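Novice: Chains G and L supply the protein sequences, listed in that same order. Start counting the first sequence at 1; every next residue gets the next number (the UniProt record's numbering). Start counting the second sequence at 1; every next residue gets the next number (the UniProt record's numbering). Cβ atoms here follow ideal geometry from the backbone N, Cα and C, with glycine treated the same way. Because the structure is a prediction, the values reported are computed rather than measured. Okay, here's the structure, questions in a sec.
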Amino acid sequence: MTLISMKGLRKDFTVRVKAGRLRREKRTVSAVDGIDLSIEQGEMVGYIGPNGAGKSTTLKMLTGVLTPSAGEVSVCGLRPVPQRTRLALRIGVVFGQRSQLWWDLPLRDSFSLLRHIYRVPPQEHAARLKRCRSLLDLDDFLDTPVRQLSLGQRMRGELTAALLHGPSVLFLDEPTIGLDVVSKQAVRSFLAELGAGGDLTLVLTTHDLADIERLCRRLVVIDHGRVVHDGTIEALHDRYGSRRRLVVDLDAPLPPGFVVPGAELLSTEADGHRAVFELTSSSAGAVVGALPALRDLSLVEPDIEDVVARLYRTV
Amino acid sequence: MANPYTSLARAQWRSFASYRTSFVVDLLSNVGGTALDVVAVLVLFQATRTVAGFSLSEGLLIVSLSSLAFALADFTVGNVDRLKTYVRTGLLDAVLVRPLGALPQLLLMDLPLRKALRLVVGVGVLAVALHVNAIAWTPARVALIVIAPLAGAVFFGAIFVISASVTFWWIDSGDLGSAFTYGGRDFTAYPVPVYSGWFRALFAYAMGFGFVAYQPAVTLLGRDDPLGLPAWAGFLSPLVALIAAAAAAFMWRAGIRHYRSTGS
């Protein structure tokens with residue numbers, strides 16, 4: 001079942017730029033410039049792109065915060081802006097930099113307020129809260145006012161807040177931004193656990209590609225408001241010819257002009273005692289077998305950061 | 001289960017309770033504010049015996065109606081001017097993803113409880129004003145004394161919302177809105193005949209400020225309107241308030257559609 005669909009979605013902003021001393025010129029900038037996407041129930045989609053690519057703008061149009069300039073958008077069969085309050089009951093939203101919690105109240109109070117706001121039956125609310133408490137270790141700071149929580153604790157609170165009404169789609173805008181390693185892992189494994197159920201559809205934007213590798217089978221890359229890649233991480237590697245690298249340490253320097261089928265020599269270091277090959281065929285064994293006086297080796301998987309950096313530069 | 005809006009208001013109360021001392025100080029200093037508004041008008045009557053044909057006690061009725069209506073609107077809707085902050089910081093995003101109306105949420109999340117005592121002062125001054133004027137009470141006038149402050153409050157509330165909505169188009173609108181809200185309150189505190197020409201036509205009648213306190217007061221007092229409106233003109237104030245409220249609702253909706261949000 002298609003839960004989210006966008007057809008030719010656009011968002012234009014008019015900005016006034018200085019032109020001369022007093023004059024200002026109006027200019028139209030497309031933050032989102034014709035996006036077509038559809039997302040099925042249970043999918044976990046990573047939505048990435050450089051700063052200003054239109055990630056957050058898309059998310060805000062999906063959640064009913066921003067009105068699209070053109071195109072169609074539907075989430076859970078609803079049109080986000082005209083049916084905003086109905087949609088709000090079906091989705092959960094975590095904006096990394098905007099809190100849903102009450103600053104001066106204990107976390108526990110925010111949760112019970114949200115129960116009233118979303119009109120959740122008490123038993124359902126209690127069951128969901130119980131699950132979040134155990135998965136996210138909330139018990140230590142449930143009675144602390146939100147203003148005194150650490151960023152990691154607050155984010156765990158935000159995640160809980162977004163889930164207490166049992167949404168069918170969860171939108172996360174940079175949920176791991178500014179978190180330390182431990183908190184990032186806690187958030188990721190929590191989301192992975194949620195996604196494992198297969199009911200919840202999850203769309204997340206991030207700059208931390210480890211989030212994507214850990215969580216999302218599908219990766220959508222946008223730049224200048226357009227989709228430049230939509231597929232798996234592997235498809236991205238294939239498309240950009242990412243290759244594994246073989247780093248070898250040798251007892252004797254590599255003879256000049258050394259050629260081995262299935263690999264390209266990238267560089268040599270330490271007077272030829274260390275060499276880096278890029279594997280063009282899939283077997284590292286053939287290369288290793290052809291090398292004289294091998295002492296040590298390591299195999300480096302292609303790095304998604306490199307691929308994405310290349311992608312951002314080419315578009 | 002409690003109404004969601006009631007829950008929001010209660011949360012606000014508990015947030016205030018966590019800063020108890022500063023709340024009490026705010027509460028008391030706000031009373032002073034309201035009293036000063038009234039005193040400012042009374043001082044004028046010290047200089048001349050009558051203002052535009054209105055005596056001190058009649059003037060007191062006008063300012064007390066204006067003051068109570070404004071206090072009521074300021075208490076319930078006045079904090080909508082915080083919209084600027086919500087728009088500038090993008091906090092409105094968080095409000096818009098909840099299953100409740102955006103305007104009621106904004107109002108209840110910041111209900112200025114510190115302004116509560118102003119209402120008490122406003123009612124007190126109105127009671128004094130009714131006492132010092134010899135009003136020939138009829139059922140219609142009794143109804144009017146209840147309706148007029150409420151209609152005035154709705155009217156000022158609409159002005160608050162309209163002024164705040166400007167932020168959606170123009171984030172740096174600064175205190176432009178206050179010119180109409182606080183300026184409007186000051187306008188309504190005096191008998192309308194003190195103004196003249198296009199200024200009076202525009203603010204009192206085209207924009208409707210004359211129907212907040214002046215026209216209801218004239219109707220209550222049962223005296224002739226120097227400006228020639230019929231004796232029942234005071235009863236038009238709820239209608240004027242409704243028109244203003246409709247305009248405000250329109251502006252607010254258009255504004256929300258135009259909201260641009262900020263950053264990520």
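Closer than 7 Å, CB to CB, is G/HIS224 near chain L or not?
Specialist: no
Novice: Could you pull out every residue in the same chain whose Cβ sits closer than 8 Å to the Cβ of L/MET1, ignoring the five residues on either side in sequence?
Specialist: With a pLDDT of 49 at L/MET1, under the threshold of 50, the predicted position of this residue should be treated as unreliable, though the coordinate-derived value follows. Non-local C-beta neighbours of L/MET1 in its own chain, meaning closer than 8 Å and more than five positions away in sequence, are absent.
Novice: How far does the beta strand (DSSP E) with G/THR205 in it extend, from its first residue to its last?
Specialist: 201–205
Novice: Among the candidates G/SER242, G/THR144, G/SER5, whose CA atom is the shortest distance from the CA of G/ARG310?
Specialist: G/SER242
Novice: Using only CA atoms, which one of G/LEU136, G/VAL169, G/GLY34 lies nearest to G/CYS76?
Specialist: G/VAL169
Novice: I'd like the span of the beta strand (DSSP E) that includes G/MET44, first residue to last.
Specialist: Element bounds for G/MET44: 44–48.
Novice: Going by DSSP, what residues sit across from G/GLU35 in a beta bridge?
Specialist: Correcting the residue type first, residue 35 of chain G is Ile in the shown sequence and not Glu. Paired residues: G/LEU9.
Novice: Could you check where the alpha helix (DSSP H) with G/ARG239 kicks off and where it finishes?
Specialist: Where G/ARG239 is concerned, the enclosing alpha helix (DSSP H) stretches over 233–239.
Novice: Cβ closer than 9 Å: which chain G residues qualify as neighbours of L/LEU259?
Specialist: Checking the sequence, you will find Tyr at residue 259 of chain L rather than Leu. The answer, in chain order, is VAL65, LEU66, THR67.
Novice: Counting only C-beta atoms, is L/ASP175 closer than 7 Å to chain G at any point?
Specialist: no
Novice: Do you know offhand how far L/VAL90's Cα is from L/VAL146's?
Specialist: Note on residue identity: the sequence assigns Gly, not Val, to residue 90 of chain L. Their Cα atoms are separated by approximately 40 Å.
Novice: Pick helix, strand or coil for L/MET1, following the three-state DSSP scheme.
Specialist: Annotation note: pLDDT 49 at L/MET1 (below 50); position unreliable, no value reported.
Novice: Could you tell me which of G/VAL65, G/ALA126, G/GLY52 sits nearest to L/PRO99, measuring between CA atoms?
Specialist: Looking only at G/VAL65, G/ALA126, G/GLY52, the smallest Cα-Cα distance to L/PRO99 is reached by G/VAL65.
Novice: Near G/VAL120, what residues of its chain come up, given a Cβ to Cβ distance below 7 Å and the 5 sequence neighbours on each side ignored?
Specialist: LEU164, HIS165
Novice: Helix or strand or just coil, what does DSSP make of L/PHE54?
Specialist: In this structure, L/PHE54 counts as strand in the three-state DSSP scheme.
Novice: Can L/GLY210 and L/ALA201 be called in contact, C-beta distance under 7 Å?
Specialist: no
Novice: With L/LEU65 and L/GLY152 assumed to form a contact (beta carbons below 8 Å), what rounded beta-carbon distance in angstroms separates them?
Specialist: 6 Å
Novice: Going along chain L in order, which residues have a C-beta closer than 8 Å to the C-beta of G/LEU163?
Specialist: The premise fails here: G/LEU163 is roughly 13 Å from chain L at the closest Cβ pair, so nothing lies under 8 Å.
Novice: Quick check on DSSP: helix, strand or coil for G/GLU269?
Specialist: Here G/GLU269 sits in strand by DSSP.
Novice: Buried or exposed for L/HIS258, going by 16 or more other Cβ atoms inside 10 Å?
Specialist: L/HIS258 comes out exposed.
Novice: Flag G/LEU89 as yes if its beta-carbon sits less than 7 Å from any beta-carbon of chain L, otherwise no.
Specialist: Chain L, which has a Cβ nearer than 7 Å to the Cβ of G/LEU89, makes this yes.
Novice: Between the C-alpha atoms of L/ALA136 and L/ASP26, what's the straight-line distance to the nearest angstrom?
Specialist: Whole-angstrom Cα-Cα distance: 39 Å.
Novice: Would you tell me roughly how many angstroms separate the C-alpha atoms of residue 271 of chain L and L/VAL161, rounded to the nearest one?
Specialist: There is no way to answer for residue 271 of chain L, as the model of chain L reaches only from 1 to 264.
Novice: If you reduce the DSSP assignment to three classes, tell me which class L/ALA248 lands in.
Specialist: helix
Novice: Under DSSP, the alpha helix (DSSP H) around G/ARG214 begins and ends at which residues?
Specialist: 209–215
Novice: If the cut is a Cβ gap below 9 Å, which residues of chain G does L/ARG253 touch?
Specialist: Neighbours of L/ARG253 on chain G: none; closest Cβ ~11 Å, over 9 Å.
Novice: Is there a Cβ of chain G sitting closer than 7 Å to that of L/PRO99, yes or no?
Specialist: So, interface residue.
Novice: Which residues of the segment 81–92 of chain L have a Cβ closer than 9 Å to any Cβ of chain G? Give them in chain order.
Specialist: THR89, GLY90, LEU91, LEU92
Novice: Going by alpha carbons, who is nearest to G/GLU234 out of G/THR280, G/SER99, G/ASP303, G/LEU172?
Specialist: G/ASP303
Novice: Can a CB atom of chain G be found closer than 7 Å to the CB of L/ALA11?
Specialist: At a cut-off of 7 Å between beta carbons, L/ALA11 contacts chain G.
Novice: Round the Cβ separation of G/MET44 and G/GLY195 to the nearest angstrom and send it over; I've been treating them as touching at under 8 Å.
Specialist: 5 Å
Novice: So, under 8 Å CB-CB, G/ILE35 and G/ARG226 are touching, yes? Tell me the CB distance rounded to an integer number of Å.
Specialist: The Cβ separation is near 7 Å, so the contact holds.
Novice: Mind reading off the beta-carbon distance from G/VAL29 to G/VAL15? Whole number of angstroms is fine, and I expect it under 8 Å.
Specialist: 6 Å
Novice: Quick one: what does DSSP say G/GLY225 is sitting in, helix, strand or coil?
Specialist: Looking at G/GLY225 - three-state DSSP - the assignment turns out to be coil, as it is neither helix nor strand.
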